[in-house]
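Participant: Protein chains in written order, with the working numbering: chain U, 34 to 415; chain C, 1047 to 1201. This structure is in structure tokens; I'll ask about it shortly.
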Amino acid sequence: MSAYDVYEMFKGTIDTMGILSISWQMLLMWAIAGFFMYLAIVKNFEPLLLLPIGFGIFIVNFPMVPLMGYTSAGHPELIKFFYHYGLEWEIIPCVIFLGLGALTDFGPLIANPKMLLVGAGAQLGVFVTFTGCVMAGFTLKEAASVGIIGGADGPTTIYLTQKLAPELLGANALAAYSYMAMVPLIQPPIMRAMTTKAERLIKMRQMRAVSQTEKIFYPLVATVVIILLIPAVAPLMGMFMLGNLFKESGVVARLTETSGNALMNIVTIFLGVSVGATMHWSAFLSPKPLFIFSLGMVDFVVCTIGGVATVKLMNLFLKEKINPLIGNAGVSAVPMAARVSHVVGQEYDKKNYLLMHAMGPNLAGVMGSAAAAGLFIAMFGG
Amino acid sequence: MKKLIYMLVALFLLSPMAAMAEDFLGAPLPPGGNVVSKTDSKMEVAYAMPYADAIAFYKEQFKADISNFAFRDRGDATYIEEYSNKPWHSVLVTKTGEGVTITVSKDSYTWIAGTLALRFFAVFLVLVALYIPLQILSIVMGRIQAKKAAAKAAA
């Protein structure tokens, strides 16, 4: 064996290793992935999603990894497989909505349906951000997918982005979940700034009890109304209401349990890793994702303002006033935003329990953001 | 084979049109029309060509980036909307007695702001539509519960 043969042998071996192909961009993406894993593990910020997303970003930013491409036989590689069948086929967000439905109690919303208006008002930021994005040079489809971040609903954001601007999926999902996790930091200063002390002390009447029959009828009525008006949102809303019907019917405990736990947990793993894996440095290291992150913040702020302002507007016409501190919950982010309403309310009156009152706008926010997404899909054809 | 021949013939027929196409604000226009009206933001051109040919012309023109265009069939007209950031917003192809009229409109923030305001209002509309039956249900159930409570108290 000649020295040349030995050299070729070594070179052939080294060429199959990734270490020589590593770039500074990959190292930067490792740092970004590390930051999100830190938020999940240390700060406990949306760990169920930020941890798999962070790991997805990390693992896809290695040289020569067979994860997001196609094999020589034309089959999708591991994470590409999850991404293709889960997200490109739009399955995972709908399955997550099924699980969310199975975990949701619409009682507070049925008892106080006025709160639906708060959920609509809190979508203000979605439309404001849309305009901002268009002015910044985004296409209308991209602008819609960035705008929906303010709706603070992860599956809806992912569903709409996948339909309208799949190239922004990673950045949008990450912005949505990051800001959802930061709701307790973002919202309280806005809520305090927009309300007077007297308003913060408003005590709301205890809600009436909601019968099981009403809870069974609710998903059916909501399905009829929403899908008749916005058929484009049927995949999301249909699954959401089916999950809720499972729960409220009380006759399919096994299906309810599976939808809300095992099934949702399984798809959450695939969702997180696939979304993270879309963030290869070549797609992510550009001004657009940074812009999306900054606009996402504006979006959340304006949505919170929209929710609180809607309650204040409603109070002008209502005999029984609503505490405007629950307006923030209209941004969705269930149940974190409702908890924020409660915690801020308790700062001013320890005996003021706003949590259940805030769950109404919180659930209305889920439907409001889905309605906004449906309108965008109807507008741009998906 | 037949399909291929038809496609080749169609391509052959369409290609000179595409090659000679004119434009307004970057929106393609078939050649040979008579300008009916023209302002900075709108241009209307009349053609003595079949409606189907005009639609086929635009489908051919936009086929490379078709996902950024919506073709809305309105019976006697087709409204083509553009969703990327082009200087023009829409092309309206309308059937007339003799042929077609093509109207190209400039993109504007008025359209964006208007359509967004309308959609924000639509979110309210959807949730109000849900609110009405729920509110009725809430009132009825509230009364039933109050009656039950009163009967219980009386007993």
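Glycine included, C-beta positions come from ideal geometry on N, C-alpha and C.
Would you verify that the beta carbon of arginine 238 of chain U is, or is not, closer than 8 Å to some beta carbon of chain C?
Facilitator: Cβ-Cβ to chain C under 8 Å: no for arginine 238 of chain U.
Participant: Who pairs with proline 109 of chain U in a beta bridge, going by DSSP?
Facilitator: U/Tyr103
Participant: Less than 8 Å between CB atoms is the rule here; does alanine 1159 of chain C satisfy it with respect to chain U?
Facilitator: Yes, alanine 1159 of chain C lies at the interface with chain U (some Cβ there is under 8 Å from its Cβ).
Participant: For lysine 174 of chain U, go through chain C and note every residue whose CB falls closer than 9 Å to its CB, in chain order.
Facilitator: Ser1113, Asn1114, Tyr1129, Ser1130
Participant: Pick helix, strand or coil for isoleucine 55 of chain U, following the three-state DSSP scheme.
Facilitator: coil
Participant: Closer than 8 Å is the cut-off here; do at least three beta carbon pairs connect the segment 79 to 91 of chain U with the segment 280 to 289 of chain U?
Facilitator: no
Participant: Against valine 1169 of chain C, what residues of chain U qualify as contacts under a CB-to-CB distance less than 8 Å, listed in chain order?
Facilitator: Ala153, Gln156, Gly401, Ala404, Ala405, Leu408
Participant: Taking C-beta pairs closer than 9 Å, name the residues in chain C that threonine 164 of chain U reaches, listed in chain order.
Facilitator: Tyr1155, Ile1158, Ala1159, Leu1162
Participant: Excluding sequence positions up to five away, which residues of its chain have a Cβ less than 6 Å from the Cβ of methionine 237 of chain U?
Facilitator: Asn356, His390
Participant: Which runs of the alpha helix (DSSP H) fall wholly inside the segment 228 to 262 of chain U and span at least 4 residues, in chain order?
Facilitator: 230 to 233, 245 to 262
Participant: For the segment 1171 to 1189 of chain C, which residues have a CB atom closer than 8 Å to at least one CB atom of chain U, in sequence order?
Facilitator: Legend: CB atoms of the segment 1171 to 1189 of chain C lying less than 8 Å from CB atoms of chain U belong to residues Leu1171, Val1172, Leu1173, Val1174, Ala1175, Leu1176, Tyr1177, Pro1179, Leu1180, Gln1181, Leu1183, Ser1184, Met1187, Gly1188.
Participant: My output table needs one value for leucine 202 of chain U: the three-state DSSP class, helix, strand or coil.
Facilitator: helix
Participant: Using only the alpha-carbon positions, how far apart do glycine 293 of chain U and alanine 135 of chain U sit?
Facilitator: 5 Å
Participant: With glycine 88 of chain U as the anchor, note down where its alpha helix (DSSP H) starts and where it stops.
Facilitator: In the sequence under discussion, the amino acid at residue 88 of chain U is phenylalanine, which differs from the glycine named in the question. That run of the alpha helix (DSSP H) goes 80 to 93.
Participant: Below 7 Å between beta carbons is the criterion; list the residues of the segment 326 to 347 of chain U that meet it against any residue of chain C, in chain order.
Facilitator: none
Participant: Nearest to serine 1113 of chain C by alpha carbon, out of C/Ala1123, C/Asp1119, C/Glu1127?
Facilitator: C/Glu1127
Participant: Which residues in the same chain have their Cβ closer than 8 Å to the Cβ of leucine 150 of chain U, if we skip the five residues on either side of it in sequence?
Facilitator: Thr343, Met347, Ala397
Participant: Helix, strand or coil, according to DSSP, for threonine 172 of chain U in the structure here?
Facilitator: coil
Participant: Is it the case that the Cβ atoms of leucine 304 of chain U and isoleucine 129 of chain U are separated by a distance below 8 Å?
Facilitator: yes
Participant: Check whether the Cβ atoms of isoleucine 143 of chain U and tyrosine 251 of chain U sit closer than 8 Å, and answer yes or no.
Facilitator: yes
Participant: Let me make sure I understand the geometry here. Which of U/Gly67, U/Pro221, U/Thr189 has the alpha-carbon closest to that of alanine 209 of chain U?
Facilitator: If we check each option's Cα against that of alanine 209 of chain U, U/Thr189 comes out closest.
Participant: The beta strand (DSSP E) that contains isoleucine 182 of chain U, what's its start and end?
Facilitator: Segment: none, isoleucine 182 of chain U is in no beta strand (DSSP E) and carries neither H nor E.
Participant: If we ignore side chains and look at the alpha-carbon of each, how far apart do threonine 104 of chain U and proline 1133 of chain C end up?
Facilitator: 42 Å
Participant: Mind the definition here: the segment 112 to 123 of chain U touches the segment 375 to 384 of chain U only if three or more C-beta pairs lie below 8 Å; say whether that holds.
Facilitator: Fewer than three Cβ pairs drawn from the segment 112 to 123 of chain U and the segment 375 to 384 of chain U lie within less than 8 Å of each other, which leaves the two stretches out of contact.
Participant: Please confirm whether arginine 1165 of chain C has its beta-carbon closer than 8 Å to some beta-carbon of chain U.
Facilitator: yes
Participant: Return the residue from the list U/Val75, U/Asn94, U/Gly45, U/Ile55 that minimises the CA-CA distance to tryptophan 63 of chain U.
Facilitator: Tryptophan 63 of chain U has its Cα closest to that of U/Asn94, out of U/Val75, U/Asn94, U/Gly45, U/Ile55.
Participant: Identify whether aspartate 1119 of chain C lies in helix, strand or coil by the three-state DSSP scheme.
Facilitator: Aspartate 1119 of chain C falls in the strand class under three-state DSSP.
Participant: Does the beta-carbon of serine 315 of chain U have 16 or more other beta-carbons within 10 angstroms, so that it is buried, or is it exposed?
Facilitator: exposed
Participant: What is the rounded straight-line gap between the Cα of alanine 1067 of chain C and the Cα of leucine 173 of chain U?
Facilitator: With a pLDDT of 48 at alanine 1067 of chain C, under the threshold of 50, the predicted position of this residue should be treated as unreliable, though the coordinate-derived value follows. One C-alpha to the other measures close to 26 Å.
Participant: Compute the distance between the beta-carbons of proline 96 of chain U and glycine 51 of chain U, then report whether it is under 8 Å.
Facilitator: yes
Participant: Please look up how many angstroms separate the CB atoms of lysine 1141 of chain C and alanine 1123 of chain C, rounded, as I've assumed it's under 8 Å.
Facilitator: 7 Å
Participant: Should alanine 242 of chain U be flagged as near chain C, meaning a C-beta pair shorter than 8 Å?
Facilitator: yes
Participant: Sorted by chain position, which residues of the same chain lie with C-beta nearer than 6 Å to alanine 212 of chain U's C-beta, five sequence neighbours on each side aside?
Facilitator: Checking the sequence shown, residue 212 of chain U turns out to be tyrosine, not alanine. So the qualifying residues of the chain are Gly329, Phe333.
Participant: Please work out which residues of its chain come closer than 6 Å, Cβ to Cβ, to glycine 187 of chain U, disregarding the five sequence neighbours upstream and downstream, and give them in chain order.
Facilitator: Excluding sequence neighbours, glycine 187 of chain U sits near Ala209, Tyr210.
Participant: For lysine 1088 of chain C, list the residues DSSP reports as bridge partners.
Facilitator: C/Ser1151
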